Amino acid sequence: MANAEFQKKEFVILKKILTLLVIGVFLICIRSAGAASESVLPPIEEGGTQLSTLGKVLVSQFRLDGNTVFSDEELAPLLAPYLNREITAEEMHELKNDVTRFYIANGYVNSGAIIPDQQVKDGVILMRIVEGTLGRTEITGNTWLRTGYIDKRLKLAVGKKKEPLNINVLQEHLKLLKQDSHIENINASLNPGLEPGDASLNVEIEEARPYHITFRFNNHNSPSIGPYRGEVEIRHDNLSGWGDSLSAEYALTEGLDDYSFRYSVPVTRWDTTLTLSFDRAEAVVVSEPFDKLDIRSDTKTYAAAIRHPFYKTLSKEFAMGFKFEKRESETSLLDSRFSFPGSGSHREKGETEFTVSRFSQEWVNRGAAKVLAAYSSFNLGNVKEGDLDGGFFTWLGQFQWLQRIKPLNSQILFSANLQLSADSLVSAEKFSIGGASTVRGYRENLMTTDNGLTSSLEWRVPVAQLRIPGLGKKQNDGMLEICPFFDLGKGWNKELEDPDPDMIYSAGIGMRWLVSKRIHAEFYWGKYLRDIPDPGEYDIQDDGIYFQIVAGF
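Heads up: the sequence shown begins at 132 in our numbering, then just goes up one per residue.
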């Protein structure tokens, strides 16, 4: 009995010990779990408050991020009204819109500002600037032009490093592209892209017809080789799809056969252009009494040129170029080679061979009512054999001013040409005075001198509009103009005797009929105001009559 009671007490004690052990293990597990939980929970930041939880916030500073177009200083005036005071969420939204509107007003239409939710500490607010770029460009409508030709020129608007898109810059490049002779018209639309701040551009091209044929007939040649000149030119302006042009031209007078070939190709997206050309002219003197002497010449000219526009906008352009020419000429008299005085030819062989390097500069300024253009060329020549001192140096300057004036809705055209030479020149490099393009009222090439000056002032007055059905499509097609003018020219030589007279001038009137963009005709009559010696066999140029008809298809 006593033994049974002892066993019962022993069991109760063991049960209590086991219970205490279980409770101890449980408490240890709980503490271990608590320690583990403390190690993975993020620490609570002290001293900052989430922006979205604040009704108002005292702003001491805006920290800008992502702005490259405008500096912090340029954006500071927009931020200043919101500094050092409490602002509401609505004012914060208005500030963000102010910055976005500033970008849009300056042409950055897919750029703007955002203020993300953030911890506010010491009144410093982060404003993030998203400067949008141009992503995908889709070009349609081009059949002759390669897509790459257009795309490379459009990408000039965003630069090599994909600069922020400015709609004003993009529009200017689209308008410049429209001025390209290969393009008739452009329609473009800018759409949101797939990514924030990204935009896509859709461009529809209407191409200009690349192939042309042009006929010309005039009396703008010297009567010594036949004044009446017929020309035909065949040209393709987009031979390979990269804007390259190939042309062939043939001209014929009574005493002249002249044919030439020309290939021109843009080699960069900035329209740097390389041009190769060849010309051959075979001439015989046909005017009396020299026609009986069988005076002939055969001239070949090879040329390579490169031109680059260093500055180009819709209204202004400045370009520079370099041209290298090689000219070979043979002259004969009575079927025997013969060198004429001043030709630069070898006197026994009647041959001339010389090279010329030409460094040129061009400037054009176009306005709504006027156009100013200037051209300058420094020319360094080297004569291989001849009676000159091995070489020559000249400068040629040209200037043109076209001004629209309100009286009679007319135009004033002024032009001037000046050549200065440090040496006596071969005949091909001399300055020509007299004729349709210099001093009207006198024969073509009446004077050829080492140095020379010509100027012309012409008033073009529209008097009627005579349209030809099917040809006149534009507003000014068919316009008939009356053109009074005054011309002047002066020439002098470096070593040879100056011509007598050395200055000529004239006045007269002309008529221009602008049938369409590619068809026009003109007739001019000039009265010489300075007497000259009798030129010999009569030609209508001696009465100051000049005409030209141009038809292109």
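We treat Cβ as the ideally placed atom computed from N, Cα and C, and that holds for glycine. Everything numeric in this text was worked out from a predicted model, so none of it was measured.
Buried or exposed (CB count within 10 angstroms, at least 16 for buried), residue i
| i | result |
| --- | --- |
| Ala207 | exposed |
| Gly583 | buried |
| Pro615 | exposed |
| Tyr573 | buried |
| Val143 | Note on Val143: pLDDT 47, under 50, position unreliable in the model; no value is reported. |
| Leu308 | buried |
| Glu575 | buried |
| Gln550 | buried |
| Asn485 | Sequence check: residue 485 is Phe here, not Asn. Looking at its Cβ environment, which holds 16 or more other Cβ atoms inside 10 Å, Phe485 is buried. |
| Ser183 | exposed |
| Thr580 | buried |
| Ser476 | At Ser476 the pLDDT is 48, less than 50, meaning the model places this residue with poor confidence and gives no usable figure here. |
| Pro354 | buried |
| Pro295 | buried |
| Asp618 | buried |
| Val398 | exposed |
| Ser371 | exposed |
| Phe201 | buried |
| Ser446 | exposed |
| Ala450 | buried |
Rounded separation between residue i and residue j - CA only
| i | j | result |
| --- | --- | --- |
| Gln672 | Glu338 | 42 Å |
| Gln181 | Asn237 | 33 Å |
| Ser428 | Ile640 | 36 Å |
| Asp368 | Leu544 | 30 Å |
| Glu315 | Arg661 | 48 Å |
| Ile344 | Ser312 | 15 Å |
| Tyr359 | Ala414 | 14 Å |
| Ala379 | Asp203 | 59 Å |
| Leu627 | Ser555 | 8 Å |
| Thr278 | Asn322 | 20 Å |
| Tyr390 | Gly357 | 16 Å |
| Val289 | Phe654 | 49 Å |
| Tyr433 | Glu560 | 15 Å |
| Glu176 | Gln250 | Confidence in Glu176 is poor, its pLDDT being 43 and thus under 50, which makes the residue's placement unreliable; the coordinate value appears in the next sentence. For Glu176 and Gln250, the distance between alpha carbons rounds to 9 Å. |
| Lys515 | Glu456 | 13 Å |
| Lys423 | Tyr381 | 27 Å |
| Leu185 | Glu222 | 13 Å |
| Leu689 | Gly498 | Residue 689 falls outside the range modelled here, since the chain spans only 132 to 684, and no answer is possible. |
Anticipated Cβ contact below 8 Å, residue i with residue j, distance rounded
| i | j | result |
| --- | --- | --- |
| Gly254 | Val190 | 5 Å |
| His304 | Leu287 | 6 Å |
| Thr546 | Ser491 | The identity of residue 546 in the sequence shown is Ser, whereas the question assumes Thr. About 17 Å; that fails the 8 Å criterion. |
| Ile564 | Val570 | 6 Å |
| Ala652 | Ile680 | 5 Å |
| Trp644 | Leu602 | So it is not a contact: roughly 11 Å between Cβ atoms. |
| His459 | Lys431 | The sequence as given places Glu at residue 459; His does not occur at that position. That pair is a contact at about 5 Å. |
| Pro440 | Trp401 | 7 Å |
| Pro600 | Ser541 | With 8 Å as the limit, Pro600 and Ser541 do not qualify as a contact, their Cβ atoms being about 27 Å apart. |
| Ile437 | Leu405 | 5 Å |
| Lys291 | Thr264 | Contact doesn't hold; Cβ gap of about 13 Å is too wide. |
| Ala682 | Phe346 | 5 Å |
| Val240 | Ile298 | 5 Å |
| Leu465 | Asp410 | Contact flag wrong, Cβ pair sits at about 27 Å. |
| Ile365 | Ile336 | That pair is no contact at about 25 Å. |
| Leu209 | Phe233 | 6 Å |
Beta-carbon contacts of residue i that lie in its chain and below 6 Å, excluding the five residues immediately before and after
| i | result |
| --- | --- |
| Ser170 | Unreliable positioning characterises Ser170 in this predicted model, as indicated by a pLDDT of 35, which lies under 50. The coordinate reading is nonetheless provided below. Cβ within range, chain order: n/a, list empty. |
| Arg489 | Lys454, Ser508 and Asn510 |
| Val334 | Ile270 and Ala319 |
| Ile154 | Only weak support is given to the placement of Ile154: the predicted model assigns it a pLDDT of 40, under 50, and the value that follows is read from those uncertain coordinates. So the list is empty, once near-sequence residues are dropped. |
| Gly361 | Phe348 and Leu383 |
| Phe523 | Gly512, Asp554 and Leu556 |
| Phe684 | Ile344 |
Own chain, CB closer than 8 Å to residue i, minus 5 neighbours either side, in chain order
| i | result |
| --- | --- |
| Glu217 | Lys187, Val188, Leu189 and Val190 |
| Ile663 | Tyr573, Leu577, Pro632 and Ile635 |
Any non-hydrogen atom of the ligand SAH within 6 Å of residue i CB
| i | result |
| --- | --- |
| Ala330 | Judged by which ligands are present, the structure shown has none, so any question about the ligand SAH falls away. |
Close beta carbons around residue i, own chain, < 7 Å, minus the five adjacent residues each side
| i | result |
| --- | --- |
| Ile676 | Trp656 |
| Pro630 | Met578, Thr580 and Gly622 |
| Asp633 | Lys621, Gly622 and Trp623 |
Report task. Run through the segment 252-324 for me and flag every whole alpha helix (DSSP H) of 4 or more residues, listed as ranges in chain order. Result -> 278-285 and 298-309
Query - Complete runs of the beta strand (DSSP E) confined to the segment 568-597 [at least 3 residues] - result: 578-580 and 582-596
Requested in this report: Return the chain-ordered ranges of every beta strand (DSSP E) run that is complete within the segment 629-656 and spans a minimum of 3 residues.
Outcome: 634-645
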